[in-house]
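Trainee: Chains as they are written, first to last, in the numbering used here: chain W, 1 to 242; chain L, 243 to 484.
Protein chains: 2
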Amino acid sequence: MTQNIYDDDQFFKGYSQLPRSIHGLAGAPEWASLRALIPDIKQQNILDLGCGFGWFCRWAAENGAEHVLGIDVSERMLARAREMTRDGRIAYIRADLESLTLQTGRYDLVYSSLVFHYLENLQLLMGEIYRSLLPGGAFVFSVEHPLTTAPIRPQWQVDGGRRVAWPVDSYQVEGPRSTNWLTDGVIKQHRTLETYVNLLIDTGFRLAHLQAWLPTEEQLREHPDWEDEKHRPTFLLVSARR
Amino acid sequence: MTQNIYDDDQFFKGYSQLPRSIHGLAGAPEWASLRALIPDIKQQNILDLGCGFGWFCRWAAENGAEHVLGIDVSERMLARAREMTRDGRIAYIRADLESLTLQTGRYDLVYSSLVFHYLENLQLLMGEIYRSLLPGGAFVFSVEHPLTTAPIRPQWQVDGGRRVAWPVDSYQVEGPRSTNWLTDGVIKQHRTLETYVNLLIDTGFRLAHLQAWLPTEEQLREHPDWEDEKHRPTFLLVSARR
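Structure (structure tokens):
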């Protein structure tokens, strides 16, 4: 099992204070773009891998999904997810995503938001996801963009107080990166964009769409510092079909 | 029609002196990787877009292809290609790749090496390529990698005489980049990796493999400076199927 940073006291406290934790999907700037990749979910069976506080599970149920299963490795996040959920169509299970066995041909949609870059081994999970989908089923996920995860020593190049470039090193050297985000020594796994794509193809998926997230003009007016996203995307959004 | 830099005196002279111009495919460090993406070409009909001096066309004919058509916009390159070619299975045509009309269902393989990043409009050409392929036919191409083409002001970050990072700016801002390569003001078109992939998918192709080129250990022993490729790939290799 890889690092379960979400049950770390300091990380959990910091994470709980992020806009996406307090406001749910509406607090995640990339949500509108990710949502656009999700097919109609009415009457559908849905699996959310790394469901956290369950915001997506509740959204799916509210929007007509038949059954929603949320899986996460963090006890604390699931406890809060259960507290916030009053809907018999939603179930939560604690499990390690790297050693998961899923039902065959069960889901119309497998969804995962900003989780896979914590996992050392994605190949097995991809196979499980493929197997768990109905033929034609959708697989929609986001990860930290490979340009963001690549550098061993991530640091913006600044000129006159403005961020002007994101120095990329070691893009082709995949593996762990230690970052200080919410707490020290959070381990994320860097993979190239090429590797994400080949993993999907080699598993049998048909790739449908890739997107490096960009803020809308409206978001930029509210958050002028998100201009940096034009230099280097933070989020990669992916849509594939079984 | 986009810039035809290959007929510029200074550029042509410089280009003619590159290892890949003198030694052909063997002088192109990424050739072995690109070749590995090409299916068996015996008895096949092949189209090479941006054929230059015709090295690939001759290689294909020597390896059993039935017919090979090389298309290029540069008079000078085609003149030299014809001088070097004594094989009735190979034909060369001068045409602008951005306003090309191809025969329907004609080719088993469409190949293109380091050409598309010169074209402003790829969408129409992608459609033509798709239409020109037989069902199941292969489309294999290379371009300058989007990490290489992104920066408006490309310049390695150097520390103690060593290249330590490639500062990326404007990755999400697609369009022309003016570089000084062989001559001043060579215009290349930056596209994100996401855009290349979506262009293929939206045209109807099934993506088969992506590869950010890396030198082999043997190549690194001969060219220690190619270590830089680990920080930032120069070439993107793509394989897709109709």
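From the three backbone atoms N, C-alpha and C, an ideal C-beta is built for every residue, glycine too.
Can you give the Cα-Cα distance for V140(W) and D48(W), rounded to whole angstroms?
Mentor: Rounded to the nearest angstrom, the two C-alpha atoms are 10 angstroms apart.
Trainee: N305(L) and I283(L): beta carbons closer than 8 angstroms?
Mentor: Cβ distance < 8 angstroms, so N305(L) and I283(L) count as in contact.
Trainee: Could you round the C-beta distance between N440(L) and H209(W) to whole angstroms and report it? I think they count as a contact, below 8 angstroms.
Mentor: That belief holds up - the Cβ atoms of N440(L) and H209(W) are roughly 6 angstroms apart, short of 8 angstroms.
Trainee: Note down the Cα distance separating R223(L) from Q285(L), rounded to an integer number of angstroms.
Mentor: Since the displayed chain L opens at 243 and closes at 484, residue 223(L) lies outside it and no answer follows.
Trainee: Examine the Cβ distances between the segment 22-31 of chain W and the segment 54-71 of chain W and report whether three or more of them are shorter than 8 angstroms.
Mentor: In short, these stretches touch, since the Cβ pair count reaches three.
Trainee: Run the CB neighbour count on M77(W), radius 10 Å, all protein chains shown included, and call it buried at 16 or more, exposed below.
Mentor: M77(W) is buried by the Cβ-count criterion.
Trainee: Check distances from the C-beta atoms of the segment 398-431 of chain L to those of chain W and list, in chain order, the residues that come in under 7 angstroms.
Mentor: Those residues of the segment 398-431 of chain L that come within reach of chain W (Cβ to Cβ, closer than 7 angstroms) are Q399, V406, A407, W408, P409, V410, D411, S412, Y413, Q414, V415.
Trainee: With a threshold of 16 other CB atoms inside 10 Å of the CB of D314(L), please say whether the residue is buried or exposed.
Mentor: Counting Cβ neighbours within 10 Å, D314(L) comes out buried, since at least 16 surround it.
Trainee: With C-beta atoms as the reference, is L279(L) less than 8 angstroms away from L479(L)?
Mentor: Result yes, Cβ atoms of L279(L) and L479(L) sit closer than 8 angstroms.
Trainee: Per DSSP, what kind of secondary structure is F139(W) in: helix, strand or coil?
Mentor: Three-state result, F139(W): strand.
Trainee: Give me the residue from K188(W), R232(W), A138(W), W213(W) with the minimum Cα distance to L200(W).
Mentor: The candidate whose alpha carbon is nearest that of L200(W) is A138(W).
Trainee: Determine, for E469(L), whether the minimum Cβ-Cβ distance to residues of chain W falls below 8 angstroms.
Mentor: No, E469(L) lies away from the interface with chain W (no Cβ there is under 8 angstroms from its Cβ).
Trainee: Taking DSSP's pairing of strands, which residues face W423(L) in a bridge?
Mentor: For W423(L), which the question treats as bridged, DSSP gives the partners T425(L).
Trainee: For M326(L), which residues of its own chain have a beta-carbon under 8 angstroms away from its beta-carbon, when the five flanking residues on both sides are left out?
Mentor: Cβ neighbours of M326(L) beyond the five flanking positions: F295, G296, R300.
Trainee: For chain L, check one thing: does any of its Cβ atoms lie closer than 8 angstroms to the Cβ of P151(W)?
Mentor: Closer than 8 angstroms to some Cβ of chain L, the Cβ of P151(W) qualifies, so yes.
Trainee: Flag this pair as yes or no: are the beta carbons of I371(L) and V352(L) separated by less than 8 angstroms?
Mentor: Going by C-beta atoms, I371(L) is nearer than 8 angstroms to V352(L).
Trainee: Could you check what DSSP says for Q431(L) in three-state terms: helix, strand or coil?
Mentor: Residue state, collapsed to three classes: strand.
Trainee: Opposite F235(W) in the DSSP bridges: which residues?
Mentor: Answer by DSSP bridge pairing, in chain order: E144(W).
Trainee: Skipping 5 residues on each side, what residues in its chain have a beta carbon closer than 8 angstroms to that of S374(L)?
Mentor: For S374(L), where only same-chain residues beyond five positions count, the Cβ hits under 8 angstroms are L289, L344, Q345, T346, G347, R348, Y349, V352.
Trainee: As a quick exercise: from H432(L), A407(L), S354(L), F253(L), pick the residue whose alpha carbon is nearest that of V310(L).
Mentor: When only C-alpha atoms are compared, the closest one is S354(L).
Trainee: In angstroms, rounded to a whole number, what distance separates the CA positions of L119(W) and R35(W)?
Mentor: Taking the straight line from one Cα to the other gives about 23 angstroms.
Trainee: Any C-beta of chain W sitting closer than 8 angstroms to the C-beta of A380(L)?
Mentor: By this cut-off, A380(L) is not an interface position.
Trainee: Tell me the rounded alpha-carbon separation between W455(L) and E471(L).
Mentor: Their backbone Cα atoms lie some 8 angstroms apart in a straight line.
Trainee: Let's see if you can read the secondary structure: which residues bound the beta strand (DSSP E) around Q399(L)?
Mentor: Per DSSP, Q399(L) belongs to the beta strand (DSSP E) from 399-401.
Trainee: Would you decide whether D411(L) is buried or exposed? Buried here means 16 or more other CB atoms lie within 10 Å of its CB.
Mentor: Label assigned to D411(L): buried.
Trainee: Using beta-carbon positions only, say whether T434(L) and Q453(L) come within less than 8 angstroms of one another.
Mentor: No, Cβ-Cβ distance for T434(L) and Q453(L) is not below 8 angstroms.
Trainee: How is the alpha helix (DSSP H) around G256(L) delimited, first residue to last?
Mentor: Its alpha helix (DSSP H) spans residues 251-258.
Trainee: Please list the segments of the alpha helix (DSSP H) lying wholly inside the segment 52-126 of chain W, counting only runs of 4 or more residues, in order along the chain.
Mentor: Those alpha helix (DSSP H) runs which fall completely within the segment 52-126 of chain W and span 4+ residues are 55-62, 75-84.
Trainee: As a quick exercise: from L134(W), T183(W), P146(W), P154(W), pick the residue whose alpha carbon is nearest that of H190(W).
Mentor: Here the closest residue by C-alpha is P146(W).
Trainee: Relative to the alpha-carbon of E308(L), which residue among F254(L), R331(L), S258(L), S316(L) has its alpha-carbon at the smallest distance?
Mentor: Cα-wise, what sits closest to E308(L) is R331(L).
Trainee: To the nearest angstrom, report how far apart G402(L) and Q155(W) are at their CA atoms.
Mentor: Each residue's alpha carbon lies about 18 angstroms from the other.
Trainee: Taking Cβ positions only, does P475(L) come closer than 8 angstroms to chain W?
Mentor: True, the Cβ-Cβ gap to chain W drops below 8 angstroms.
Trainee: Please list, in chain order, all residues of the same chain as T445(L) whose beta carbon is under 7 angstroms from its beta carbon, the five residues on each side excluded.
Mentor: The answer, listed in chain order, is M368, G369, Y372.
Trainee: Could you check whether the Cβ of I71(W) sits closer than 8 angstroms to any Cβ belonging to chain L?
Mentor: No, I71(W) lies away from the interface with chain L (no Cβ there is under 8 angstroms from its Cβ).
Trainee: Please confirm whether E194(W) has its beta-carbon closer than 8 angstroms to some beta-carbon of chain A.
Mentor: This model lacks chain A altogether; the protein chains it does include are W and L.
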